[in-house]
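A.B. asks: From first to last, the protein sequence lines are chains U and S.
Each number in my numbering comes from the position in the first sequence (counting from 1) with 156 added on.
Each number in my numbering comes from the position in the second sequence (counting from 1) with 156 added on.
Protein chains: 2
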Amino acid sequence: MTEPSAPLFSPEEFRKYGYATIDWIVEYYKNIESFPVLSQAHPGDIRASLASSPPEIGESFETILNDMDRIILPGITHWQSPNFFAYFPSNTSTASLLGDFLSSGLGVQGMLWATSPACTELETHVLDWLVDMLGLPEQFKSTSAGGGVIQDTASSSAVCAMLAARERATNFEMNLHGGTGKLVAYTSTQAHSSIEKAAKITGIGSKNLKLIEVDEKFAMKPDALSKQIKADRQSGLIPFFVCATVGTTSSTAIDPVQEIGTICKQESVWLHVDAAMCGTAAICPEFRFIHTGVELADSYCFNPHKWMFTNFDCDCFYVADRTTLIKTLSVLPEYLKNAATESGAVIDYRDWHIQLGRRFRSLKLWFVIRHYGIEGLQFLIRKHVALARKLTEWVRADKRFELAVEPVLNLVCFRYKRGDAFNKELLERLNKSGRLYVTHTVLDGKYTLRLCIGQTNTQDRHVEGAWSEIRETAEKITLRNER
Amino acid sequence: MTEPSAPLFSPEEFRKYGYATIDWIVEYYKNIESFPVLSQAHPGDIRASLASSPPEIGESFETILNDMDRIILPGITHWQSPNFFAYFPSNTSTASLLGDFLSSGLGVQGMLWATSPACTELETHVLDWLVDMLGLPEQFKSTSAGGGVIQDTASSSAVCAMLAARERATNFEMNLHGGTGKLVAYTSTQAHSSIEKAAKITGIGSKNLKLIEVDEKFAMKPDALSKQIKADRQSGLIPFFVCATVGTTSSTAIDPVQEIGTICKQESVWLHVDAAMCGTAAICPEFRFIHTGVELADSYCFNPHKWMFTNFDCDCFYVADRTTLIKTLSVLPEYLKNAATESGAVIDYRDWHIQLGRRFRSLKLWFVIRHYGIEGLQFLIRKHVALARKLTEWVRADKRFELAVEPVLNLVCFRYKRGDAFNKELLERLNKSGRLYVTHTVLDGKYTLRLCIGQTNTQDRHVEGAWSEIRETAEKITLRNER
Numbered sequence: 157m158t159e160p161s162a163p164l165f166s167p168e169e170f171r172k173y174g175y176a177t178i179d180w181i182v183e184y185y186k187n188i189e190s191f192p193v194l195s196q197a198h199p200g201d202i203r204a205s206l207a208s209s210p211p212e213i214g215e216s217f218e219t220i221l222n223d224m225d226r227i228i229l230p231g232i233t234h235w236q237s238p239n240f241f242a243y244f245p246s247n248t249s250t251a252s253l254l255g256d257f258l259s260s261g262l263g264v265q266g267m268l269w270a271t272s273p274a275c276t277e278l279e280t281h282v283l284d285w286l287v288d289m290l291g292l293p294e295q296f297k298s299t300s301a302g303g304g305v306i307q308d309t310a311s312s313s314a315v316c317a318m319l320a321a322r323e324r325a326t327n328f329e330m331n332l333h334g335g336t337g338k339l340v341a342y343t344s345t346q347a348h349s350s351i352e353k354a355a356k357i358t359g360i361g362s363k364n365l366k367l368i369e370v371d372e373k374f375a376m377k378p379d380a381l382s383k384q385i386k387a388d389r390q391s392g393l394i395p396f397f398v399c400a401t402v403g404t405t406s407s408t409a410i411d412p413v414q415e416i417g418t419i420c421k422q423e424s425v426w427l428h429v430d431a432a433m434c435g436t437a438a439i440c441p442e443f444r445f446i447h448t449g450v451e452l453a454d455s456y457c458f459n460p461h462k463w464m465f466t467n468f469d470c471d472c473f474y475v476a477d478r479t480t481l482i483k484t485l486s487v488l489p490e491y492l493k494n495a496a497t498e499s500g501a502v503i504d505y506r507d508w509h510i511q512l513g514r515r516f517r518s519l520k521l522w523f524v525i526r527h528y529g530i531e532g533l534q535f536l537i538r539k540h541v542a543l544a545r546k547l548t549e550w551v552r553a554d555k556r557f558e559l560a561v562e563p564v565l566n567l568v569c570f571r572y573k574r575g576d577a578f579n580k581e582l583l584e585r586l587n588k589s590g591r592l593y594v595t596h597t598v599l600d601g602k603y604t605l606r607l608c609i610g611q612t613n614t615q616d617r618h619v620e621g622a623w624s625e626i627r628e629t630a631e632k633i634t635l636r637n638e639r
Numbered sequence: 157m158t159e160p161s162a163p164l165f166s167p168e169e170f171r172k173y174g175y176a177t178i179d180w181i182v183e184y185y186k187n188i189e190s191f192p193v194l195s196q197a198h199p200g201d202i203r204a205s206l207a208s209s210p211p212e213i214g215e216s217f218e219t220i221l222n223d224m225d226r227i228i229l230p231g232i233t234h235w236q237s238p239n240f241f242a243y244f245p246s247n248t249s250t251a252s253l254l255g256d257f258l259s260s261g262l263g264v265q266g267m268l269w270a271t272s273p274a275c276t277e278l279e280t281h282v283l284d285w286l287v288d289m290l291g292l293p294e295q296f297k298s299t300s301a302g303g304g305v306i307q308d309t310a311s312s313s314a315v316c317a318m319l320a321a322r323e324r325a326t327n328f329e330m331n332l333h334g335g336t337g338k339l340v341a342y343t344s345t346q347a348h349s350s351i352e353k354a355a356k357i358t359g360i361g362s363k364n365l366k367l368i369e370v371d372e373k374f375a376m377k378p379d380a381l382s383k384q385i386k387a388d389r390q391s392g393l394i395p396f397f398v399c400a401t402v403g404t405t406s407s408t409a410i411d412p413v414q415e416i417g418t419i420c421k422q423e424s425v426w427l428h429v430d431a432a433m434c435g436t437a438a439i440c441p442e443f444r445f446i447h448t449g450v451e452l453a454d455s456y457c458f459n460p461h462k463w464m465f466t467n468f469d470c471d472c473f474y475v476a477d478r479t480t481l482i483k484t485l486s487v488l489p490e491y492l493k494n495a496a497t498e499s500g501a502v503i504d505y506r507d508w509h510i511q512l513g514r515r516f517r518s519l520k521l522w523f524v525i526r527h528y529g530i531e532g533l534q535f536l537i538r539k540h541v542a543l544a545r546k547l548t549e550w551v552r553a554d555k556r557f558e559l560a561v562e563p564v565l566n567l568v569c570f571r572y573k574r575g576d577a578f579n580k581e582l583l584e585r586l587n588k589s590g591r592l593y594v595t596h597t598v599l600d601g602k603y604t605l606r607l608c609i610g611q612t613n614t615q616d617r618h619v620e621g622a623w624s625e626i627r628e629t630a631e632k633i634t635l636r637n638e639r
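This is how it looks when you write it as structure tokens:
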């Protein structure tokens, strides 16, 4: 065997190419506002630029890095642009990127405590910190009967919550024998699609997920929930799970967790609170109202990878009773047995989620919290909310527009008072301009624009620019229509 | 509001701290052989070094980076050490680390084609490349009715395969109405624990996963499978899923996919092939025998994050019929609707797995394949297999030891001929020495040491050193016992 032309892994080549990569990212952020926020590529454009077959012989790193500009950038929708106002943000920071990079560099796989004690213990520690930072109840701390774990996304947290609830409700029988089609779950009509997906995945069935109606603020009606649970029980069904949302995707509506939780306790039904987007706001005491009643929850999650400057993926999932979760997901084959696990003195996070293997994700979270401090995080969140309030006032002051609902935190839902077709065209034109990226939803049956302010670098001028662009584009469409 | 003391995200601070981070990783790899491979930390050691509360005010990056040495390194089990022979590897390379870092830097979230066309199209393209590189059947290409997607781990692939199989078997009824407890799945007694976990998660029930016996090479017996399926059908159960393993965790046994696949076709049962560890070997034509019969599979997965120099996480999951998978996992709420999706001309990978959000993981895979070329990848895999064969000969030549089974590729399973207690002590002493890390399994009821050679930088001297250490340690225990 002869050595191949491509070099193996050497520290010095890593330094050289590493610096070049850092420089590439620095340039990218310097120029980020010059790219159209939403990629203007057409289907197939990117594939057409790629080599049809993989190379037989290795290529130089310079060649590969050059293709980032030539091939990849035209196909990028710039989530880190300060003009990205679409969906919910997926923001990041220097501290997060470098913490995550160190995690890749160490390359540890933390499925067991023993396979890197620091990976497990830092995670437990930082998730306990976050309980204090967000003012969450003590039941979610590792020092109680509960505890937290990092999942990839809130979708996976929803699956795990539903599984633990399912097993609690069936005395761990469904894990063994499969479903009966009698378990019933509940969430609001405004809940995230991941709840329906979880109902399918876990063998509950989407028809057994009842969507409870909402009030004028798009928050779940507790009375309707209570009534539905009672009716289902009378029909011989087994209510077992409720998901309350703290910040729905369409409008960041806050379900009344206190009332919902009281019903869940009375009915012995598992309460999961999905605060994926809005949970982060609770770092500021003035926004902690969103969590009223969360001490009644069996599980809770929020995503630092949305609004807490921590790069994707990072969802923090908490349970009040870790034993149920672990008993639900634990499988211990011979090849994973080890003295530390047998001692019972350690946490093995593989039993807390779907996957076996896991990255050292707490490192980036630790870096973010230490880099900003509580003060720094509060500053940025308050700034985003203040910008959203400014925009809200502008929308309110312009009689051609209307707010679809009163904004709660950093998401503004609004429309031009000319019907769906007009607003649809407005959205398409805005996104085609490349100057900003906004998305839509439907509220009260009406097409609605959503503008969410949560990107790390968004400043006043970006929101001012967005509002000008929105008004000018609406004017252009109006003029054309009147011609 | 006053600006916080911690800086916000600025390109120049990113350059400065980025270079420092690169330097830290370079030093880490230079010194990696000086650390004990298995962390010698005791439960609670790492937490005891961490600040009890999160900081109010941000800290300097220098302080945080210093804590990597002070707090984190003592709690690291060094998966990237060339003396790591435990479990299966989770290796990496310069190309992978930097490709992954660029993906974090871009910070895009590829849930939809529109949210970054390059993220979707590069993934489809590279997964098609890999079909050719591994000599997999055309049915797994995006140009056929099938296609590939990157999942985090083989555990998640197993869940998705089982879900699609479940829905195909129930005409998409279980998604709606939940389980009946009548579906039955099959795998061998040697299959990975993730298959049992998947049976629990998907509402099938672990009692409805039948473990089929294995032959003297620890591979599934097709006759036993066929008999069990027929018996279950006679009892009114519905056989729906078989998982064949190409490279079991205990001993890299290769299930006879050809025979198993023929049975699955006759019985109209979904065949999933789990080649998480060994699939990579098929880059070398001489090792493609492991995939004989894989054209009979409905789904297949292998992990570039194990043996293909791609940092965790990266599992490639293929299906022969993407329509079934997509129909099983698709949920389309209003806020995700967009013109590209409606055109039907694009892939939206969110419908191919449990999560909604997704990282740009194909970037690292593209970097790895281009950096090494097929030739470079073949070189490293052949080297690992050659080293394992060398070790096999040494074990065979030393009459005090025995091979537990004839090695297939890069995993050597062996024991000292003195019973379980002796081998258990041998393993503990080896790992306590810090000079290498090996793990164990049980084969034929006997405690067995597993030594897997797959770390990127492992050279002859590391395997020679490991074998000396094993022999010397065994001699020391023997001497003490005889004293």
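Beta carbons: idealized from backbone N, C-alpha and C, even for Gly.
(1) Residues of chain U with CB closer than 7 angstroms to the CB of residue 265 of chain S, please, in chain order.
(2) Give me the Cβ distance between residue 395 of chain U and residue 423 of chain U, rounded to the nearest whole Å; I'm assuming they're in contact under 8 angstroms.
(3) Are the C-beta atoms of residue 391 of chain U and some chain S residue less than 8 angstroms apart?
(4) Do residue 437 of chain U and residue 286 of chain U have their C-beta atoms closer together than 8 angstroms?
(5) At a Cβ cut of 9 angstroms, what residues of the segment 212-237 of chain S count as close to chain U, listed as they run along the chain?
(6) On the DSSP letters alone, give me the boundaries of the beta strand (DSSP E) that residue 237 of chain S sits inside.
(7) How would you write the range of the beta strand (DSSP E) that residue 307 of chain U sits in, first residue to last?
(8) Residue 462 of chain U: buried (16+ other C-beta within 10 angstroms of its C-beta) or exposed?
(9) With a Cβ-Cβ cutoff of 8 angstroms, do residue 399 of chain U and residue 314 of chain U count as a contact?
(10) Counting only the same chain and skipping the five closest in sequence on each side, list residues whose C-beta sits under 6 angstroms from that of residue 162 of chain S.
(11) Locate the beta strand (DSSP E) running through residue 430 of chain U, then write down its first and last residues.
(12) Would you say residue 188 of chain S and residue 259 of chain S are within 8 angstroms of each other, going by their C-beta atoms?
(13) Which partner residues does residue 571 of chain S have in the DSSP bridge list?
(14) Name the residue from U:387, U:233 and U:433 whose alpha carbon lies nearest to the alpha carbon of residue 610 of chain U.
(15) Counting beta carbon pairs with one atom in the segment 330-342 of chain S and one in the segment 326-346 of chain U, are three or more of them shorter than 8 angstroms?
(16) Quick check on the burial criterion: 16 or more other C-beta atoms within 10 angstroms. Buried or exposed for residue 488 of chain U?
(17) Taking Cβ positions, are residue 485 of chain U and residue 453 of chain U nearer each other than 8 angstroms?
(18) Should the segment 244-257 of chain S be regarded as contacting the segment 511-530 of chain S, the criterion being three or more beta carbon pairs within less than 8 angstroms?
(19) Counting pairs of beta carbons, one from the segment 376-387 of chain S and one from the segment 363-379 of chain U, are three or more of them closer than 8 angstroms?
(20) At the level of alpha carbons, what is the spacing between residue 466 of chain S and residue 528 of chain S?
(21) Looking at residue 199 of chain U: is its Cβ nearer than 8 angstroms to the Cβ of residue 496 of chain S?
(22) Should the segment 505-514 of chain U be called in touch with the segment 546-559 of chain U, which here means at least 3 C-beta pairs below 8 angstroms?
(23) Residue 441 of chain U touches chain S at which residues, Cβ-Cβ below 9 angstroms?
(24) Taking the alpha carbon of residue 579 of chain U as the point to measure from, which residue in U:296, U:271, U:552 and U:632 has its own alpha carbon closest?
(25) Along the beta strand (DSSP E) that carries residue 604 of chain U, what are the first and last residues, could you check?
(26) Relative to the C-alpha of residue 598 of chain S, which candidate in S:617, S:342, S:481 and S:571 has its C-alpha closest?
(27) Under 6 angstroms Cβ to Cβ from residue 194 of chain U, same chain only, skipping five residues before and after it: list those, please.
(28) Mind checking the segment 342-358 of chain S against chain U and listing, in chain order, the residues whose C-beta falls within less than 7 angstroms of any C-beta there?
(29) When you compare the CB of residue 162 of chain S with every CB in chain U, is at least one pair closer than 8 angstroms?
(30) Using a C-beta to C-beta distance shorter than 8 angstroms, which residues of chain U count as neighbours of residue 527 of chain S?
(31) Closest by CA to residue 397 of chain U, which one among U:404, U:405, U:388 and U:403?
(32) Once DSSP output is grouped into helix, strand and coil, what is the label at residue 162 of chain S?
(33) Looking only at its own chain, which residues have a Cβ that is under 7 angstroms from the Cβ of residue 435 of chain S, when we skip the five neighbours before and after it?
(34) Excluding sequence positions up to five away, which residues of its chain have a Cβ less than 8 angstroms from the Cβ of residue 301 of chain S?
(35) Whole angstroms is fine: what's the gap from residue 312 of chain U's alpha carbon to residue 511 of chain S's?
C.D. replies: Checking against the coordinates, here is how it stands:
(1) For residue 265 of chain S, the residues of chain U that pass the 7 angstroms Cβ criterion are 235, 246 and 468, in the order they occur in the chain.
(2) 6 angstroms
(3) no
(4) no
(5) 212, 213, 214, 215, 216, 217, 219, 220, 221, 223, 224, 227, 228, 229, 230, 231, 232, 233, 234, 235 and 236
(6) No beta strand (DSSP E) contains residue 237 of chain S, which DSSP labels as neither H nor E.
(7) 303-307
(8) Counting C-beta atoms within 10 angstroms of its own C-beta, residue 462 of chain U has 16 or more neighbours from the protein chains shown and is therefore classed as buried.
(9) yes
(10) For residue 162 of chain S, the predicted structure reports a pLDDT of 49, less than 50, and the residue's modelled location is therefore unreliable. The matter cannot be settled from this model.
(11) 426-430
(12) With respect to residue 259 of chain S, residue 188 of chain S sits apart: the two C-beta atoms are not nearer than 8 angstroms.
(13) S:558
(14) U:433
(15) yes
(16) exposed
(17) no
(18) yes
(19) In this structure the segment 376-387 of chain S does not touch the segment 363-379 of chain U; the number of beta carbon pairs closer than 8 angstroms is below three.
(20) 11 angstroms
(21) It is a contact, given that the beta carbons lie within the stated cut-off.
(22) no
(23) In chain order: nothing, as chain S lies at least about 13 angstroms away.
(24) U:632
(25) 602-608
(26) S:571
(27) 233, 587 and 593
(28) 349, 350, 352, 353, 356, 357 and 358
(29) The pLDDT assigned to residue 162 of chain S is 49, lower than 50, so where the model puts this residue is not dependable; a value taken from the coordinates is nonetheless given after this. With 8 angstroms as the cut-off, residue 162 of chain S counts as an interface residue toward chain U.
(30) What residue 527 of chain S touches in chain U: 162, 214, 215, 217 and 220.
(31) If you compare the alpha carbons of U:404, U:405, U:388 and U:403 with that of residue 397 of chain U, the shortest gap goes to U:388.
(32) Reliability fails at residue 162 of chain S, whose pLDDT of 49 lies under 50, so the model's placement of it is uncertain and no value is given.
(33) Result list for residue 435 of chain S: 290, 402 and 458, in chain order.
(34) 295, 476, 477, 478 and 479
(35) The alpha-carbon atoms of residue 312 of chain U and residue 511 of chain S are separated by roughly 6 angstroms.
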